[in-house]
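S.K.: Residues in the first sequence are numbered consecutively from 595, following our numbering. Where is the CB? At the ideal position from N, CA and C, for every residue including glycine. Pasting a structure below so you can have a look.
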Amino acid sequence: MPELPEVETVRTGLQRLLPGKMFKTAASDTPKSFPNAPEDVKQFLIASKVVAVRRRAKVLMIDLSTDHTLVIHLKMTGQLVFRSPTVSFGAGHPSDSLINPLPDKSTRVEFSFDDGSKLFFNDQRKFGWVRLMPTAEVPNIDFMKKVGPEPLDDRFTAAQFTERFARRRNTTIKAAILDQTVVAGVGNIYADESLWGAKIHPATLVRDVPPKKFSQLFTELQTVLRLSIEKGGSSNRNYVDAEGKKGSYMKFARVFRREGQACPRCGTIIEKTRVAGRGTHFCPHCQKLV
DNA sequence: CACTTGACCTGTCCGC
DNA sequence: TGCGGACAGGTCAAGT
Numbered sequence: 595m596p597e598l599p600e601v602e603t604v605r606t607g608l609q610r611l612l613p614g615k616m617f618k619t620a621a622s623d624t625p626k627s628f629p630n631a632p633e634d635v636k637q638f639l640i641a642s643k644v645v646a647v648r649r650r651a652k653v654l655m656i657d658l659s660t661d662h663t664l665v666i667h668l669k670m671t672g673q674l675v676f677r678s679p680t681v682s683f684g685a686g687h688p689s690d691s692l693i694n695p696l697p698d699k700s701t702r703v704e705f706s707f708d709d710g711s712k713l714f715f716n717d718q719r720k721f722g723w724v725r726l727m728p729t730a731e732v733p734n735i736d737f738m739k740k741v742g743p744e745p746l747d748d749r750f751t752a753a754q755f756t757e758r759f760a761r762r763r764n765t766t767i768k769a770a771i772l773d774q775t776v777v778a779g780v781g782n783i784y785a786d787e788s789l790w791g792a793k794i795h796p797a798t799l800v801r802d803v804p805p806k807k808f809s810q811l812f813t814e815l816q817t818v819l820r821l822s823i824e825k826g827g828s829s830n831r832n833y834v835d836a837e838g839k840k841g842s843y844m845k846f847a848r849v850f851r852r853e854g855q856a857c858p859r860c861g862t863i864i865e866k867t868r869v870a871g872r873g874t875h876f877c878p879h880c881q882k883l884v
């Protein structure tokens, strides 16, 4: 799913819903999704309280009162959905039929809190994971040590953004912007959207991108990420927020999954191809290959 | 080190 | 309607 705007939307929802709640039970259907030892779960999760919910790149962190953290990666199809026992509109109310019952077939981990509310980790493809670890160790996991700056961090400048690409001169700009060590949180949707905004063909080699284009790309990337956060993210397939609701960014997408439609800037038909092993959408008129 | 490709899974869609 | 193959928001490990 889940690129930066989607994970940030989930984080915002969980930060509103979870702090102060006390974990009562945790159960997983597959060790792959939640590989922690049962004794650690018993000692550091059960009876702990949620302190805060953080995000770094596409990783969510639920900090606990035991100085431990639930670290979560949703990968392609992960969801974190919160359900309170009072969510029902009332017996027989028509809106109740719209709420899908959980757990369902894709539920991998089910947490319950002492007030009867629950948190479901659903993941159709089982690529995602939840891990419990000491809060102090989170920055030491390989991914956290290597991941690049947050693109929406005020202190991150266009000059620094440009410099991050120096290591990836001989690959395509699409591969480079998807590289989490260059910049954090960009996935296939916002790569295509921002490259369209900056009028760069996705298959352009980094070394052939004019220097001033990196500044434009930085601005466009920030613009699409902010817009998507405002719209609650993109629900292309599985993605939903912490309350199970879809995001609406796809209504505003200019190229992503819009092959065969007119480019909103020039009217040329949008094409779909394959770059860096990923489906890639672009306007052949606005985004010329150098 | 930089770069590419395949693997990890399940579900859906498209062409025959 | 059934079946095979390609493809789907993301990382990783292993190869060159």
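Whose C-alpha, out of Ala621, Lys626, Lys615, is nearest the C-alpha of Arg719?
M.R.: Position 125 of the first sequence, counted from the first residue, corresponds to residue 719. Closest option to Arg719, Cα to Cα, is Lys626.
S.K.: Taking the Cβ atom as the reference point for each residue, do Pro679 and Val644 lie within a distance shorter than 7 Å?
M.R.: As a working mapping, residue 679 is identified with position 85 in the first sequence. As a working mapping, residue 644 is identified with position 50 in the first sequence. The answer is no: Cβ separation not under 7 Å.
S.K.: Am I right that Gly791 and Val818 are in contact with their C-beta atoms under 8 Å? What's the rounded C-beta distance?
M.R.: Numbered from 1 along the first sequence, position 197 holds the residue referred to as residue 791. Numbered from 1 along the first sequence, position 224 holds the residue referred to as residue 818. Indeed they touch by this definition, with Cβ atoms about 7 Å apart.
S.K.: Helix or strand or just coil, what does DSSP make of Ala620?
M.R.: Residue 620 sits at position 26 when you count from the first residue of the first sequence. Strand, per DSSP.
S.K.: How far does the alpha helix (DSSP H) with Met738 in it reach, from first residue to last?
M.R.: Position 144 of the first sequence, counting from 1, holds the residue named residue 738. Start and end: 736 to 740.
S.K.: Let me check understanding here. Comparing Cα to Cα, which of His667, Lys768, Ala641, Arg677 lies closest to Asp661?
M.R.: Translated into the one-based positions of the first sequence, residue 661 becomes position 67. For Asp661, the nearest C-alpha among the options comes from Ala641.
S.K.: Would you kindly work out how many angstroms separate the C-alpha atoms of Arg702 and Asp709, rounded to a whole number?
M.R.: Looking up residue 702 in the first sequence gives position 108. Looking up residue 709 in the first sequence gives position 115. Near 22 Å, if we compare the C-alpha coordinates of Asp709 and Arg702.
S.K.: Would DSSP call Pro599 helix, strand or coil?
M.R.: Residue numbering aside, residue 599 sits at position 5 when the first sequence is read from its first letter. Of the three classes helix, strand and coil, the one that applies to Pro599 here is helix, per DSSP.
S.K.: Return the residue from the list Lys712, Glu731, Thr751, Met844 that minimises the CA-CA distance to Tyr784.
M.R.: Counting from 1 along the first sequence, the entry for residue 784 is found at position 190. Cα-wise, what sits closest to Tyr784 is Met844.
S.K.: Among residues of its own chain, excluding the 5 on either side of Asp802, which ones have a beta-carbon nearer than 7 Å to its beta-carbon?
M.R.: Within the first sequence, the letter at position 208 stands for residue 802. Excluding residues within five positions, the ones whose Cβ falls inside 7 Å are Val884.
S.K.: Please confirm if the stretch 796 to 814 is in contact with the stretch 758 to 770, defined as three or more CB-CB distances below 8 Å between the two stretches.
M.R.: Output reads yes: the stretch 758 to 770 touches the stretch 796 to 814.
S.K.: Suppose you measure from the CA of Ile705 to the CA of Leu668; what does that come to, to the nearest Å?
M.R.: Taking the first residue of the first sequence as 1, we reach residue 705 at position 111. Taking the first residue of the first sequence as 1, we reach residue 668 at position 74. Residue identity check: residue 705 is Phe in the sequence provided, not Ile. When rounded, the distance between both Cα atoms is 16 Å.
S.K.: Taking the straight line between their C-alpha atoms, what separation do you get for Val869 and Asp786?
M.R.: The sequence position of residue 869 within the first sequence is 275, counting from 1. The sequence position of residue 786 within the first sequence is 192, counting from 1. Their backbone Cα atoms lie some 10 Å apart in a straight line.
S.K.: The beta strand (DSSP E) with Pro728 in it runs from where to where?
M.R.: Counting from one through the first sequence, the residue named residue 728 turns up at place 134. Per DSSP, Pro728 belongs to the beta strand (DSSP E) from 723 to 728.
S.K.: Taking the alpha-carbon positions, what's the Pro695 to Thr729 distance?
M.R.: Locating residue 695 in the first sequence gives position 101, counting from the first residue. Locating residue 729 in the first sequence gives position 135, counting from the first residue. Going from the Cα of Pro695 to the Cα of Thr729 covers about 33 Å.
S.K.: Relative to the alpha-carbon of Lys699, which residue among Arg831, Ser711, Phe715 has its alpha-carbon at the smallest distance?
M.R.: Position 105 of the first sequence, counted from the first residue, corresponds to residue 699. Selected option, being the one with the closest Cα: Phe715.
S.K.: Judging by CA-CA distance, which residue of Gly838, Lys825, Ala836 is the nearest neighbour of Ala847?
M.R.: The residue you call residue 847 lines up with position 253 of the first sequence. For Ala847, the nearest C-alpha among the options comes from Lys825.
S.K.: Give the single residue among Phe628, Asn630, Leu608 whose Cα lies nearest to the Cα of Asp657.
M.R.: Along the first sequence, one-based indexing puts residue 657 at 63. Among Phe628, Asn630, Leu608, the Cα nearest to that of Asp657 belongs to Leu608.
S.K.: So Leu789 and Gln881 are in contact, right, with Cβ under 8 Å, and what is the actual spacing, rounded?
M.R.: To locate residue 789, count along the first sequence from 1; it is residue 195. To locate residue 881, count along the first sequence from 1; it is residue 287. That pair is a contact at about 7 Å.
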